[in-house]
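Participant: In this note's numbering, the protein residues as written are 14 to 470. Provided herewith is a single structure, encoded as C-alpha cells, for subsequent inquiry.
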Ligand SMILES: Nc1ncnc2c1ncn2[C@@H]1O[C@H](COP(=O)(O)OP(=O)(O)OP(=O)(O)O)[C@@H](O)[C@H]1O
Ligand SMILES: [Mg+2]
C-alpha cells in the first residue's frame, strides 16, 4: 500500500502536500472537499494513511476521520489544524486520530509522521506481535494534562522535536523535565538511536570528564581498558544533560566545544572524535542568575538557551490535577491489583487545593501510597497525607462545598467538611481517642458521637 488520501481545499497547500508525499515515493489521492473524500472511501479505496484538514467544505475533517476509521480501523489519520481549530484537534485525537499537525505545515514533521505511518502499516501486515513490539519501542511517554499551558508546551515540543536544536528544559523539581526530554527524543528522527541521560548533579566533579568523554587505556592508574563516554555512546542519538547547572566550570568549557564543533577527545587520547548528537539540557536553577554570579559560563548559556522550554509548576495549572490523579490511580490500581479503586470527591478536592511543592512526582507518590494503604474501594481524604494551604484551598473549597442557599446553610455544609477533616486528622496524629479529643478540645464522648455521625471508624 503506497497511496495516501489527502483532503485539503486550499489548492496551493494541496499541491505542496502532494509534492511532499511523492518525494517519499508515495502516491496521493487529493480530495478538495469532504464529500469527494467520503465518496472515495465509500468506494472501498484503501489507503496507507489519511491526511485531512479539519475545516472543509461539505463534510468536515471529523466526518472524514470517522468514515476512514470505520472502513479501516487501522488506518492512521493525520489531522491538519489551524490555530482556530486546536480544540477540534483534541477532539480528533479522542476519536482516534493518529496525530495532528499544526499549520503552517512543518514538512519535516509531516515526513516523519508519514514514515512512522508506513512502518506501522508494514509491521501490521507482517505480524501482529511484532507490531506490539514496535509500539512499545516507539511509544511516546504519556504526558497527561489539558491545561492551556500544557497544551501550549506540547505544541512547542512537537515543533522543536524533529529538528536538531538544543532544548533547555526549565522547571521545578518533579515537573516532568525528563519526561519531556524523552518525548522530544521519541518524536525526533533519532528515536531509533540511543537516548543517553546523564545527571550532572549525581557525579563527583572529578569523575564528570570521564563519564562524559571516556578514557584511553593507561590514561590514569586503574584505566585498564579504553572506556567510552556518554557522548560517544549517544552517537547518532540524543544526550540529555540533566541538572546542567551543576556542571563544573572546567567541564562547561568542554561541553561548549562539543556544541560548537561536535568533537572532543577522550581522557589521555590524542585523537579528536567527531560525534553526531542532539543535546537536551535541564535545570531547576535560574541559569541567568548563575551566569551573573559567575557560576555558569555565559557563552555556554547562550548556546543552550536556543529553545528554552519552561514547565510550569503543578500549582500553576491545577486543571491538570484531576487527569493526573486518574492516570496514576489507574496505573497503581493496575500494578497493585486493586481494580476498580476509586477516589472520593472530597479527596479529589483536597488534591486540587494542595500546593504540590514536589509537583507531579509528589502527586504520583501520594497516589501510590494511598493505593497501597487503602483497604476499601474508595480513597478518602483521610487516606491522603496532604495538608492544603489556606489560600489555595479556597478554590478547592469552591469545588467541595455546595454554595447554594443562604449564608448559614452554605456555612453549615462547609463546617461539616472541616469537622470531618479535622477529626480524621487528629485521629491520624494521635495514638488514642482520648489524645485526639484533647487535641480537638472536645470530650471523648463528643468525639465518639461525632465520629459516628461522620461515619469515621
Ligand atoms: N504531564 C505528565 N503526565 C504524566 N506523568 C508525568 C507528567 N509530568 C511528570 N510526570 C511524571 O512525574 C514524575 C517526575 O517527572 P520527571 O522525572 O520528568 O521530573 P523532573 O522535572 O525531571 O524532576 P527532577 O527535577 O526532580 O529531576 C515522573 O514519574 C514522570 O513520569
Ligand atoms: Mg529529572
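Glycine included, C-beta positions come from ideal geometry on N, C-alpha and C. These numbers come from a predicted model, not from an experiment.
#1: Any heavy atom of ligand 2 closer than 7 Å to the CB of residue 190?
#2: Determine the extent of the beta strand (DSSP E) in which residue 431 is found, giving its start and end residues.
#3: Between which two residues does the beta strand (DSSP E) containing residue 252 stretch?
#4: Any heavy atom of ligand 1 closer than 7 Å to the Cβ of residue 277?
#5: What are the partner residues of residue 66, as DSSP defines its beta bridges?
#6: Can you list, in chain order, the stretches of the beta strand (DSSP E) that have 3 or more residues and sit fully within the region 215-281?
#7: Below 8 Å between beta carbons: does that hold for residue 67 and residue 92?
#8: Out of 175, 23, 218, which has the shortest C-alpha to C-alpha gap to residue 44?
#9: Under a Cβ-count criterion, where at least 16 other Cβ atoms within 10 Å of its own Cβ denotes burial, should residue 383 be classed as buried or exposed?
#10: Between which two residues does the alpha helix (DSSP H) holding residue 322 run?
#11: Should residue 227 be labelled buried (16 or more other beta-carbon atoms within 10 Å of its own) or exposed?
#12: At which residues does the beta strand (DSSP E) containing residue 33 begin and terminate?
#13: May I have the straight-line CA-CA distance separating residue 235 from residue 345, to the nearest angstrom?
#14: Starting from residue 180, follow the beta strand (DSSP E) in both directions and report where the run begins and ends.
#15: Starting from the Cα of residue 468, find the closest Cα among 302, 164, 287, 395 and give me that residue.
#16: Could you check if residue 416 is buried or exposed, using at least 16 other CB atoms within 10 Å of its CB as the buried criterion?
#17: Going along the chain, which residues of its own chain have a beta-carbon closer than 6 Å to the beta-carbon of residue 427, five neighbours each way excluded?
#18: Which two residues bound the contiguous alpha helix (DSSP H) that contains residue 365?
#19: With a threshold of 16 other CB atoms inside 10 Å of the CB of residue 201, please say whether the residue is buried or exposed.
#20: Provide the residue span of the alpha helix (DSSP H) that contains residue 414, from first to last.
#21: From the DSSP output, in three-state form, read off residue 171 for me.
#22: Ligand 2 and residue 295: does any heavy atom of the ligand fall closer than 7 Å to the residue's C-beta?
#23: Taking Cβ positions, are residue 42 and residue 78 nearer each other than 8 Å?
#24: Please determine whether the Cβ atom of residue 259 lies at a distance below 7 Å from any heavy atom of ligand 1.
#25: Going residue by residue through the region 100-141, where are the continuous beta strand (DSSP E) segments of at least 3 residues, counting only ones entirely within it?
#26: By a C-beta neighbour count over all protein chains shown, 10 Å radius and 16 as the cutoff for buried, is residue 340 buried or exposed?
#27: Suppose you measure from the CA of residue 239 to the CA of residue 214; what does that come to, to the nearest Å?
Facilitator: Reading off the structure:
#1: yes
#2: Residue 431 -> not in any beta strand (DSSP E); alpha helix (DSSP H) instead, spanning 420-442.
#3: 251-255
#4: no
#5: 93
#6: Those beta strand (DSSP E) runs which fall completely within the region 215-281 and span 3+ residues are 251-255, 276-278.
#7: yes
#8: 23
#9: buried
#10: Counting along the chain, residue 322 falls outside any alpha helix (DSSP H), though it belongs to the beta strand (DSSP E) covering 320-323.
#11: buried
#12: From DSSP, residue 33 is part of no beta strand (DSSP E) but of the alpha helix (DSSP H) over 24-36.
#13: About 45 Å.
#14: 180-183
#15: Ranking 302, 164, 287, 395 by Cα distance to residue 468 puts 395 first.
#16: exposed
#17: 414
#18: Boundaries of the alpha helix (DSSP H) around residue 365: 358-366.
#19: buried
#20: That residue, residue 414, is in no alpha helix (DSSP H); it is neither H nor E in DSSP.
#21: Residue state, collapsed to three classes: helix.
#22: yes
#23: no
#24: Exclusion of residue 259 from the 7 Å shell around ligand 1 follows from its C-beta lying no nearer than that to any non-hydrogen atom of the ligand.
#25: 112-115
#26: buried
#27: 25 Å
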